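Chemist: Quick one: the structure is below, questions incoming.
There are 2 protein chains.
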Amino acid sequence: MNIVISGSGLVGSLLSIYLAKRGHKVDIYERRPDMRKAKISAGKSINLALSDRGWKGLEGVGIADEIRKIAIPMYGRFIHHKDGSTAYQAYGKKEQAIYSVSRGAINMKLMDLAEQQPNISMHFNERCDYVDKNTGTIKFINTETNNVTTLNPDLVFGADGAFSAVRLNMQLQNDRFDYHQFYIEASYKELSIPPGENGSFLIKKNALHIWPRGSFMMIALPNFDGSFTCTLFLTHEGAEKSFEHLKTKEDVLKFFNEEFPDAVPLMPTLVEDFFTNPTSSLVTVKCYPWVFNDKIALIGDAAHAIVPFYGQGMNCGFEDCVVLNSLIEKHKEDWPKILQEYQVLRKPDGDAIADLAIMNFVEMRDKTADAKFLLQKKIEARFSEKYPDKWIPLYSMVTYSPHIRYSTALKEGLRQEAIMQEIMALPNIEHIWDSEEVEKMILEKI
Amino acid sequence: MNIVISGSGLVGSLLSIYLAKRGHKVDIYERRPDMRKAKISAGKSINLALSDRGWKGLEGVGIADEIRKIAIPMYGRFIHHKDGSTAYQAYGKKEQAIYSVSRGAINMKLMDLAEQQPNISMHFNERCDYVDKNTGTIKFINTETNNVTTLNPDLVFGADGAFSAVRLNMQLQNDRFDYHQFYIEASYKELSIPPGENGSFLIKKNALHIWPRGSFMMIALPNFDGSFTCTLFLTHEGAEKSFEHLKTKEDVLKFFNEEFPDAVPLMPTLVEDFFTNPTSSLVTVKCYPWVFNDKIALIGDAAHAIVPFYGQGMNCGFEDCVVLNSLIEKHKEDWPKILQEYQVLRKPDGDAIADLAIMNFVEMRDKTADAKFLLQKKIEARFSEKYPDKWIPLYSMVTYSPHIRYSTALKEGLRQEAIMQEIMALPNIEHIWDSEEVEKMILEKI
Chain A
585 MNIVISGSGL VGSLLSIYLA KRGHKVDIYE RRPDMRKAKI SAGKSINLAL
635 SDRGWKGLEG VGIADEIRKI AIPMYGRFIH HKDGSTAYQA YGKKEQAIYS
685 VSRGAINMKL MDLAEQQPNI SMHFNERCDY VDKNTGTIKF INTETNNVTT
735 LNPDLVFGAD GAFSAVRLNM QLQNDRFDYH QFYIEASYKE LSIPPGENGS
785 FLIKKNALHI WPRGSFMMIA LPNFDGSFTC TLFLTHEGAE KSFEHLKTKE
835 DVLKFFNEEF PDAVPLMPTL VEDFFTNPTS SLVTVKCYPW VFNDKIALIG
885 DAAHAIVPFY GQGMNCGFED CVVLNSLIEK HKEDWPKILQ EYQVLRKPDG
935 DAIADLAIMN FVEMRDKTAD AKFLLQKKIE ARFSEKYPDK WIPLYSMVTY
985 SPHIRYSTAL KEGLRQEAIM QEIMALPNIE HIWDSEEVEK MILEKI
Chain B
585 MNIVISGSGL VGSLLSIYLA KRGHKVDIYE RRPDMRKAKI SAGKSINLAL
635 SDRGWKGLEG VGIADEIRKI AIPMYGRFIH HKDGSTAYQA YGKKEQAIYS
685 VSRGAINMKL MDLAEQQPNI SMHFNERCDY VDKNTGTIKF INTETNNVTT
735 LNPDLVFGAD GAFSAVRLNM QLQNDRFDYH QFYIEASYKE LSIPPGENGS
785 FLIKKNALHI WPRGSFMMIA LPNFDGSFTC TLFLTHEGAE KSFEHLKTKE
835 DVLKFFNEEF PDAVPLMPTL VEDFFTNPTS SLVTVKCYPW VFNDKIALIG
885 DAAHAIVPFY GQGMNCGFED CVVLNSLIEK HKEDWPKILQ EYQVLRKPDG
935 DAIADLAIMN FVEMRDKTAD AKFLLQKKIE ARFSEKYPDK WIPLYSMVTY
985 SPHIRYSTAL KEGLRQEAIM QEIMALPNIE HIWDSEEVEK MILEKI
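Protein chains in written order, with the numbering used here: chain A, 585 to 1030; chain B, 585 to 1030.
Here is the structure:
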């Protein structure tokens, strides 16, 4: 088949390899210039956390080892309290980690690997102008030459991100298209901790750093050169502590000195970065259908854009490719069946990870600094270690358990949380948390 | 000020009169031809129910009497059961009615009344192609000549309906625009009961007729010529009884003879109408903000498209004009203040009537045939008559009480429903419904 993919981002590039390996001819059209030649555009988060669902997606086409070379494992959360004290919370069992990768590096690697396939061609500076819902005819306009390319492929994938042009065309043409985009109150801004001498890491390398401050937070992820990419998540406007009220150099320094006193000495370009880098919004997109007339399908952020707090955006998109690939095998290239099952099967999981991602913002910014919450996690970890068949913590289900669907993880997670609310309400739980009594109670409630 | 309104529909036309009466120069641009000269396009519901919020909107510019001439009062619901039996349920107190008006007739009347204002100009066949979020610059393309008109008014109103072009431009340009469009399972199709001899009415004239059938229903509203406009609301697809399964003449006749046996003899053009008239979807749209850069505002369906089951779409849009007008007075033409308060004040009411409208589908199609529900309504009516200060039934709050906000009505309605659930759960309620005991219980719970 001739397949057109709109978007050469993470999901579009990986998807192309899956399809090409099955013998399809794939053309990728990308609105932006080739990022391997041009400078990557700012404004998008430049660090991502790759975890097991993502690895599985890469392994499916044999490129995980290539990516492992550019990934730094993070084995836990490193918490920076306001008073300067710190704490470390492991993410799971000893060997379990999530991996810091640079968005640019992994995307360029995926593009290189895609172009090594003889039946993949990539076209840059091509803006998707129109997709016909019925025929799949797709029109691109070259942003440099204004040349128009009109294609009639057998199949179109919209892998063109949270503000997908393919999806917009479906919104405008398709009767009965459910569409929901909404923003959370927080926006984000990228900042930086440069490397120490000789590329040393000035804070713990193999961890995801969090400065949880209740209604807002800063995080930092390690890069290979010893630097950390920091991200401040803060209310956009309205609140006393919000981007709206950080207007001058003095505002910024006062805020950071008050809230992140241990980080400020490590951030020599703080003020410059703050006013140079954009303040970006955090959108969630839910829509349905994802498939139109057996000709057009949405995938990745185009189908389900989520906020970044579970570190699952890329992982979820890669898992879309895994699911699609397994359905191609199951239905032996019967594409109407493949696409129909793809959207029915995958939609609840897209919805679930969107909800989980929003829920995890509260956990990261607020609860990681809360003693009671930490005790709860300790009880869960203890119980899970003893009864691994009966209890997998929610974070582990989402992050390390690709065999568990996001929708199942969410359902289970809510059930676990209800049980733990009862346990945590026990008088004296601080002292009896590791008692046989508590263990029995959990066993009964499961 | 120079004001451009996109859309000469019901809300755009009425809004223009409000603004012109305050001395503003108003230009209305309408995508379609002048409906007073061309035939009105099919597919949109051609009967509407005008009620007190709508009347208040018309009275505000002194045109209610003109419209009253083309409106037929409906004092209650006339229920047609499957077995051929019928029942009448008054809508409220004796004089309380909703009014059947033809969409075309009232729209044309409003356009005539608008054009009588010297400072209103109307332009037809003008498709809104672009609105600049920051400057309010708006571009129209004439659909017959392809001439482009670019305007820089002081203020733009998007009154261009559920699929508003102005709103779409805001969706595409505005960071942090929350947008939600979703469809209910039911679609609708317009059908007809022609007049009897000499323009007589073949079923009760002054009523809204309902054939409630659980998961679907048909309704009929009277027209001046003795005819009734019928609307079938039925699941779009998937269910056994759905439009999907009404493919042949035989399917349609079988379905109607089974479900609406008393109506079929009155519908000689049933089969023809069924296959000529479109099957239309029912969308709800919620979005925010409604105001952009003090330059552009959404109003009516463009801000809050709702399903038709509360008969409030037009009434709500007219009430938008009333609210806006009162804010113009309050803030003495200080438009940034007017627009800001307009959206903050009105958004919860738009959300509330959207939710109420969906809830009322269930009531109309299902509960109006349910003895227990009718008993509940009887208890409420009795109590409300005795204690009018303590209890206004939800339908009356929404329909006859423009001084009560939709959002308040919804909140009160949910509270009432919770009380009535307890009352209806009393053993033997069928026999004690008008007892002092029940009355006292309600008094205690309020």
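Don't be surprised by glycine CBs; every beta carbon is placed ideally from N, CA and C. As the structure is a computational prediction, the values presented were derived from the model and not from experiment.
What are the complete beta strand (DSSP E) segments, minimum 3 residues, inside the stretch 831-884 of chain A?
Modeler: Within the stretch 831-884 of chain A, the complete beta strand (DSSP E) runs of at least 3 residues are 864-872 and 880-882.
Chemist: Consult DSSP for Phe761(A) and reduce its assignment to one of helix, strand or coil.
Modeler: Taking the first residue of the first sequence as 1, we reach residue 761(A) at position 177. Note: Phe761(A) maps to coil in three-state DSSP.
Chemist: Looking only at its chain, what residues have a beta carbon closer than 7 Å to the beta carbon of Arg751(A), apart from the 5 residues adjacent to it on each side?
Modeler: Here residue 751(A) refers to the residue found at position 167 of the first sequence. Taken in chain order, the residues that qualify are Gly742, Cys871, Leu882 and Ala886.
Chemist: I'd like the span of the alpha helix (DSSP H) that includes Glu910(B), first residue to last.
Modeler: Here residue 910(B) is taken as the residue at index 326 of the second sequence, counted from 1. Looking at the sequence shown, residue 910(B) is not Glu but Ser. Unbroken alpha helix (DSSP H) run through Ser910(B): Gly897 to His915.
Chemist: Looking at the C-beta of Arg661(B), does it have a partner C-beta in chain A at a distance below 9 Å?
Modeler: Numbered from its first residue, the second sequence carries residue 661(B) at position 77. Chain A, which has no Cβ nearer than 9 Å to the Cβ of Arg661(B), makes this no.
Chemist: By the three-class DSSP mapping on this structure, what secondary structure does Gln960(B) have?
Modeler: Translated into the one-based positions of the second sequence, residue 960(B) becomes position 376. Helix.
Chemist: Given Asp933(A), which residues of its chain have a CB within under 6 Å of its CB, disregarding the five upstream and five downstream residues?
Modeler: Counting from 1 along the first sequence, the entry for residue 933(A) is found at position 349. Excluding residues within five positions, the ones whose Cβ falls inside 6 Å are Arg989, Tyr990 and Ser991.
Chemist: Verify the CB distance criterion: does Asp759(A) have a CB-CB separation below 9 Å to chain B?
Modeler: Walking along the first sequence from the start, residue 759(A) turns up at place 175. Output row for Asp759(A): interface = yes.
Chemist: Could you give the distance in angstroms between the alpha-carbon of Lys962(B) and the alpha-carbon of Tyr772(B)?
Modeler: The residue labelled residue 962(B) in the question sits at position 378 within the second sequence. The residue labelled residue 772(B) in the question sits at position 188 within the second sequence. When rounded, the distance between both Cα atoms is 30 Å.
Chemist: I need the DSSP call for Glu975(A), collapsed to helix, strand or coil.
Modeler: Locating residue 975(A) in the first sequence gives position 391, counting from the first residue. It is worth fixing the name first, because residue 975(A) is Trp in this sequence and not Glu. Trp975(A) falls in the coil class under three-state DSSP.
Chemist: Listing by chain order, which chain B residues have their CB less than 9 Å from the CB of Ser865(A)?
Modeler: On the first sequence, position 281 is the one that residue 865(A) refers to. Correct list: Asp759 and Arg760.
Chemist: By Cβ distance, which residues of its chain are closer than 8 Å to Ile803(A), with the 5 residues on each side in sequence left out?
Modeler: As a position in the first sequence, residue 803(A) is number 219, starting the count at 1. These residues qualify, in order along the chain: Leu792, His793, Ile794, Trp795, Cys814, Thr815, Phe817 and Met948.
Chemist: Counting contacts by CB-CB distance shorter than 9 Å, is Phe766(B) in contact with chain A?
Modeler: Locating residue 766(B) in the second sequence gives position 182, where the first residue counts as 1. Closer than 9 Å: yes.
Chemist: Between the alpha carbons of Tyr672(B) and Ile651(B), how many angstroms are there, rounded?
Modeler: Position 88 of the second sequence, counted from the start, is the residue given in the question as residue 672(B). Position 67 of the second sequence, counted from the start, is the residue given in the question as residue 651(B). So the alpha carbons of these two residues sit roughly 27 Å apart.
Chemist: Which word fits Gln1005(B), buried or exposed, when buried means at least 16 other C-beta atoms lie within 10 angstroms of its C-beta?
Modeler: Reading the second sequence from its first residue, position 421 is the one you call residue 1005(B). Gln1005(B) comes out exposed.
Chemist: Any contact of the stretch 938-957 of chain B with the stretch 630-649 of chain B, i.e. 3+ C-beta pairs under 8 Å?
Modeler: No contact exists between the stretch 938-957 of chain B and the stretch 630-649 of chain B.
Chemist: Report yes if the CB atom of Leu929(A) is closer than 9 Å to the CB atom of Ile1013(A), and no otherwise.
Modeler: Translated into positions along the first sequence, residue 929(A) becomes position 345. Translated into positions along the first sequence, residue 1013(A) becomes position 429. Cβ atoms of Leu929(A) and Ile1013(A): not closer than 9 Å.
Chemist: Out of Phe785(B), Lys677(B), Glu1001(B) and Ala698(B), which one is the CA nearest neighbour of Ser980(B)?
Modeler: Here residue 980(B) is taken as the residue at index 396 of the second sequence, counted from 1. When only C-alpha atoms are compared, the closest one is Lys677(B).
Chemist: Mind checking which residues open and close the beta strand (DSSP E) that includes Met802(B)?
Modeler: Here residue 802(B) refers to the residue found at position 218 of the second sequence. Looking at the DSSP string, the run of the beta strand (DSSP E) that includes Met802(B) is Met801 to Pro806.
Chemist: Helix, strand or coil for Trp795(B), going by three-state DSSP, please let me know.
Modeler: Residue numbering aside, residue 795(B) sits at position 211 when the second sequence is read from its first letter. DSSP places Trp795(B) in strand when its eight states are reduced to three.
Chemist: When you check each C-beta in the stretch 816-834 of chain A against every C-beta of chain B, which residues fall closer than 8 Å?
Modeler: From the stretch 816-834 of chain A, only His820 have a Cβ closer than 8 Å to chain B.
Chemist: With distance defined between alpha-carbon atoms, name the residue in Gly745(B), Thr868(B), Gln701(B) and Ala689(B) nearest to Tyr763(A).
Modeler: The sequence position of residue 763(A) within the first sequence is 179, counting from 1. For the residues Gly745(B), Thr868(B), Gln701(B) and Ala689(B), the minimum Cα distance to Tyr763(A) belongs to Thr868(B).
Chemist: Please classify His987(A): is it buried, with 16 or more other beta-carbons within 10 angstroms of its beta-carbon, or exposed?
Modeler: Translated into positions along the first sequence, residue 987(A) becomes position 403. Classification of His987(A): exposed, given that the 10 Å Cβ count is below 16.
Chemist: Listing by chain order, which chain A residues have their CB less than 8 Å from the CB of Tyr763(B)?
Modeler: As a position in the second sequence, residue 763(B) is number 179, starting the count at 1. Correct list: Tyr763, His764, Gln765 and Phe766.
Chemist: Are the C-beta of Leu756(B) and some C-beta of chain A separated by less than 9 Å?
Modeler: As a working note, residue 756(B) is residue 172 in the second sequence. Answer yes: the Cβ-Cβ gap between Leu756(B) and chain A drops below 9 Å somewhere.
Chemist: To test your reading of the DSSP string, which unbroken beta strand (DSSP E) runs of 3 or more residues are found completely within the stretch 730-794 of chain A?
Modeler: Qualifying beta strand (DSSP E) stretches, in chain order: 732-735, 739-742 and 762-777.
Chemist: For the beta strand (DSSP E) containing Asn586(B), name the first residue and the last one.
Modeler: On the second sequence, position 2 is the one that residue 586(B) refers to. Asn586 to Ser590 is the span of the beta strand (DSSP E), which, as asked, contains Asn586(B).
Chemist: Per DSSP, what kind of secondary structure is Leu1010(B) in: helix, strand or coil?
Modeler: By one-based count along the second sequence, residue 1010(B) stands at place 426. Residue state, collapsed to three classes: coil.
Chemist: Can you give me the Cβ contacts of Ser776(A) inside the same chain, cut-off strictly under 8 Å, excluding the 5 residues immediately before and after it?
Modeler: The residue given as residue 776(A) occupies position 192 in the first sequence. Hits under 8 Å: Ser811, Phe812, Thr813, Cys814, Met851, Thr853 and Asp857.
Chemist: Ordered along the chain, which non-local residues of its own chain (more than five positions away) have a Cβ less than 7 Å from that of Gly627(A)?
Modeler: In the first sequence, counting from the first residue as 1, residue 627(A) sits at position 43. With a pLDDT of 42 at Gly627(A), under the threshold of 50, the modelled position of that residue is not reliable, and the figure given next carries that caveat. Cβ neighbours of Gly627(A) beyond the five flanking positions: Pro862 and Ser864.
Chemist: Please report the distance separating the alpha-carbon of Asp973(B) from that of Leu998(B).
Modeler: Taking the first residue of the second sequence as position 1, residue 973(B) is located at position 389. Taking the first residue of the second sequence as position 1, residue 998(B) is located at position 414. Going by the C-alpha atoms only, they are around 17 Å apart.
Chemist: Using the DSSP secondary-structure output, state which residues sit across from Gly660(A) in a beta bridge.
Modeler: Mapped onto the first sequence, residue 660(A) falls at position 76. According to DSSP, Gly660(A) bridges with Ala674(A).
Chemist: Have a look at the DSSP bridge pairing and note the partners of Phe817(B).
Modeler: By one-based count along the second sequence, residue 817(B) stands at place 233. DSSP, once it has assigned bridges, lists Tyr772(B) and Met801(B) as partnering Phe817(B).
Chemist: Let me see if you follow: with CB-CB separation under 9 Å, is Leu752(B) close to chain A or not?
Modeler: As a working mapping, residue 752(B) is identified with position 168 in the second sequence. Yes, contact with chain A.
Chemist: With which residues is Glu710(B) paired in a DSSP beta bridge?
Modeler: Within the second sequence, the letter at position 126 stands for residue 710(B). Note: Glu710(B) sits in a beta bridge opposite Asn726(B).
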